[in-house]
Amino acid sequence: MYKLLDKVFGIVIKLLALFSLLLLAFIVLFIFKESVVFFKEVPVLNFITGRRWNPLKSPNDLSIFNIILGTLYVSVVAIIIALPIGVGSGILLSTYIKGKWKIVIRGIIDILAGIPSVVYGFIGLLVIVKFFENTLDFSTGESVLAGGILLSAMVLPYIISTCQETMDKVYEEHSLSSKALGISKTYMVRKIVVPESRKSIIAATILALGRAMGETMAVMMVIGNAPIAPRLLGRAQTIPSLIALEMGMAEVGSLHYHALFASGLVLMIMLLIINIILYYIKKGIGI
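First residue of the sequence shown: 1, per the working numbering; consecutive thereafter.
Here's what the structure looks like:
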């Protein structure tokens with residue numbers, strides 16, 4: 001009886017895995033098919049390197065270089081803000097905080113990772129944007145900086161979790177010998193824990209970067225959505241926000257419609273490269 005159940009369970013798991021692969025393949029092929037129609041009209045190089053996005057004009061005005069820059073800019077700003085906080089939190093949780101407090105804090109971090117992005121977006125719109133406009137007297141609070149601050153809060157749980165897992169292992173491996181030698185925790189963190197966790201920190205950075213680049217709703221609500229050259233205190237636009245804003249108004253089958261799929265293909269390739277890098281780093285770490 002148990003052997004039959006095991007066999008059925010194994011078949012079900014394989015079928016589900018096959019279905020997932022087929023679904024992924026269908027999505028990729030569909031996006032590629034819709035993008036090819038656009039690239040027959042507009043060369044790939046022009047689409048990627050051009051700086052004008054105006055779907056109401058000629059095909060030459062459908063290019064996303066500024067939008068690619070905006071996607072990278074806001075994501076890098078988020079990582080610059082989140083990485084020191086995330087690594088520091090990982091050190092605290094693995095080395096200095098123990099017992100029930102560690103469990104409580106990890107639970108809070110897990111909850112933060114599960115909050116819907118639209119909730120983060122509303123918080124960013126009502127707190128960060130309003131703070132820039134009312135307290136700092138900016139002409140507009142919607143900016144790359146506002147998007148970066150909001151995204152940093154969203155990717156922070158991923159950085160903390162990835163760093164802490166490795167730091168826990170390193171600390172447990174060396175804590176007894178360090179205590180026997182009379183080495184302080186501070187010295188151990190600086191000379192042992194952090195250096196041996198550097199690959200994990202790099203992996204956390206790349207994972208968070210991919211998460212930030214793919215974010216849509218929260219960024220769309222605070223960045224200003226202007227397809228211009230991005231500036232830290234100015235408005236910009238990301239590829240996910242472009243697709244979310246304009247797909248509903250694009251006429252099906254139009255060049256504008258296919259250009260949005262082409263933008264999605266570019267983003268997908270960027271995220272694929274990031275995930276390939278992450279895979280090889282994890283392979284090197286052995287996790």
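Cβ atoms here follow ideal geometry from the backbone N, Cα and C, with glycine treated the same way.
Everything numeric in this text was worked out from a predicted model, so none of it was measured.
Express the C-alpha separation of residue j and residue i in angstroms, rounding to a whole number.
i           : j           : result
residue 25  : residue 115 : 29 angstroms
residue 195 : residue 106 : 23 angstroms
residue 98  : residue 88  : 15 angstroms
residue 38  : residue 31  : 11 angstroms
residue 54  : residue 247 : 14 angstroms
residue 52  : residue 167 : 46 angstroms
residue 113 : residue 209 : 15 angstroms
residue 193 : residue 17  : 38 angstroms
residue 102 : residue 93  : 6 angstroms
residue 199 : residue 274 : 15 angstroms
residue 134 : residue 236 : 21 angstroms
residue 7   : residue 22  : 23 angstroms
residue 241 : residue 215 : 8 angstroms
residue 217 : residue 71  : 13 angstroms
residue 12  : residue 19  : 10 angstroms
residue 43  : residue 34  : 15 angstroms
Taking residue i as the reference, which of the options has the closest Cα?
i           : options            : result
residue 140 : 225, 95, 100       : 225
residue 170 : 259, 182, 191, 158 : 191
residue 245 : 264, 231, 253, 234 : 264
residue 73  : 232, 135, 127      : 232
residue 151 : 126, 236, 213, 138 : 213
residue 267 : 41, 50, 68, 20     : 68
residue 57  : 277, 256, 243, 269 : 256
residue 143 : 75, 100, 174       : 75
May I ask which residues mark the beginning and end of the alpha helix (DSSP H) holding residue i?
i           : result
residue 349 : There is simply no residue 349 to check, as the chain begins at 1 and stops at 287 in what is shown.
residue 198 : 198-213
residue 119 : 117-123
residue 186 : 185-188
residue 128 : Note, residue 128: premise wrong, no alpha helix (DSSP H); not H, not E.
residue 239 : 239-246
residue 221 : 217-222
Hey, would you say residue i sits closer than 7 angstroms to residue j, going by beta carbons?
i           : j           : result
residue 78  : residue 155 : yes
residue 129 : residue 222 : yes
residue 228 : residue 60  : no
residue 203 : residue 83  : no
residue 80  : residue 157 : no
**Report entry** Complete beta strand (DSSP E) runs within the segment 23-102 (minimum length 3 residues, chain order)
**Finding:** With a minimum length of 3 residues, there is no unbroken run of beta strand (DSSP E) contained wholly in the segment 23-102.
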